[in-house]
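K.L.:
Residue numbering for the sequence shown follows my numbering, beginning at 141 and increasing consecutively.
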Amino acid sequence: MRSEQHEGDNEMTLFSRRAAGGLAAVVGFVLTMSAPSLAQSQNHQEGMTRDTRQLVQSLRAGGYNIVVRHGATFSNQADTDPFNFDDIAKQRNLNDKGKELAKAFGDAIRQVGLPVGKVYTSKFNRAYETAIRAGFEHIEKIVDLTEGGLVVTPDENNRRADAFRKMLAQAPEKGKNNFLITHKPNIVDALGKDWFDVKEGEASIFKPEGGKYRLVARVQMEDWPKLALTAN
Numbered sequence: 141m142r143s144e145q146h147e148g149d150n151e152m153t154l155f156s157r158r159a160a161g162g163l164a165a166v167v168g169f170v171l172t173m174s175a176p177s178l179a180q181s182q183n184h185q186e187g188m189t190r191d192t193r194q195l196v197q198s199l200r201a202g203g204y205n206i207v208v209r210h211g212a213t214f215s216n217q218a219d220t221d222p223f224n225f226d227d228i229a230k231q232r233n234l235n236d237k238g239k240e241l242a243k244a245f246g247d248a249i250r251q252v253g254l255p256v257g258k259v260y261t262s263k264f265n266r267a268y269e270t271a272i273r274a275g276f277e278h279i280e281k282i283v284d285l286t287e288g289g290l291v292v293t294p295d296e297n298n299r300r301a302d303a304f305r306k307m308l309a310q311a312p313e314k315g316k317n318n319f320l321i322t323h324k325p326n327i328v329d330a331l332g333k334d335w336f337d338v339k340e341g342e343a344s345i346f347k348p349e350g351g352k353y354r355l356v357a358r359v360q361m362e363d364w365p366k367l368a369l370t371a372n
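1. Given a cut-off of 8 Å on the beta-carbon distance, is the pair G246 and A274 in contact?
2. I need the DSSP call for F245, collapsed to helix, strand or coil.
3. Since T322 and R266 are thought to touch, with beta carbons under 8 Å apart, how far apart are those beta carbons, to the nearest angstrom?
4. What does I345 pair with, by DSSP beta-bridge criteria?
5. Do you know how far the Cα of R358 is from the Cα of Y204?
6. Measure the CB-CB distance between F319 and V196 and report whether it falls below 8 Å.
7. By the three-class DSSP mapping on this structure, what secondary structure does T172 have?
8. Counting only the same chain and skipping the five closest in sequence on each side, list residues whose C-beta sits under 6 Å from that of R193.
9. I'd like to check one pair, V356 with K366: are the Cβ atoms closer than 8 Å?
10. Could you tell me the boundaries of the alpha helix (DSSP H) in which T261 lies?
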């Protein structure tokens, strides 16, 4: 999990410095560590646990926009008919891991008790199926989150990126969190080079504030069940 500010400048927060390595605990070599090192490790883990619980408490209160790159896909597939979103056989689709992790992601959200508001996805099936596997309802497919690639004009890609940013700056319904499930090119176009390494299934959690948006954390899809366990 990563956390940082995003309003033009990326200022690292306390949560980021503690949790930059993700949620997984380091356990393999505990018995061989010196007493001071063990104490430092325990303090680090306690700090991560506190920050994780604080994040979960904030999400339970609502007010966040959560951007998710679609789940893991088949690397030997491509979108060979990008104008026809109904022809799923000619798209790059979720693989078994992507389907499994998307379900676990949704299960963790319900276990934690995150209130879900609006759910928007790309028109490509891999994004929509991520939402379906997660158990979301009332899903809206929108062009503004759909990957354009080389089949749309640069002007249209820029328009979609601008629309994406406006969605992030808009507060969800009171007490709810909105989910936006999309693609790496859309994320990078809207948010910049800091997301060049965004992985399939990765979530970026934003807090809209005063017409802008602030990055709170980045969470890998496989870490949501761990987050749920830590929070309980």
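Glycine included, every Cβ here is placed at the ideal spot set by N, Cα and C.
P.N.:
The relevant details are as follows:
1. Yes, these two residues count as a Cβ contact at 8 Å.
2. Note: F245 maps to helix in three-state DSSP.
3. Not quite, the Cβ-Cβ distance comes to about 10 Å (not below 8 Å), so this is no contact.
4. I206 and A357
5. 13 Å
6. no
7. In this predicted model, T172 has a pLDDT of only 36, less than 50, meaning its place in the structure is not dependable enough to derive any value.
8. Closer than 6 Å at Cβ, skipping near neighbours: A371.
9. No; because the gap between Cβ atoms is not below 8 Å, this pair is not in contact.
10. It is not in any alpha helix (DSSP H) - T261 instead sits in the beta strand (DSSP E) that spans V256 to T261.
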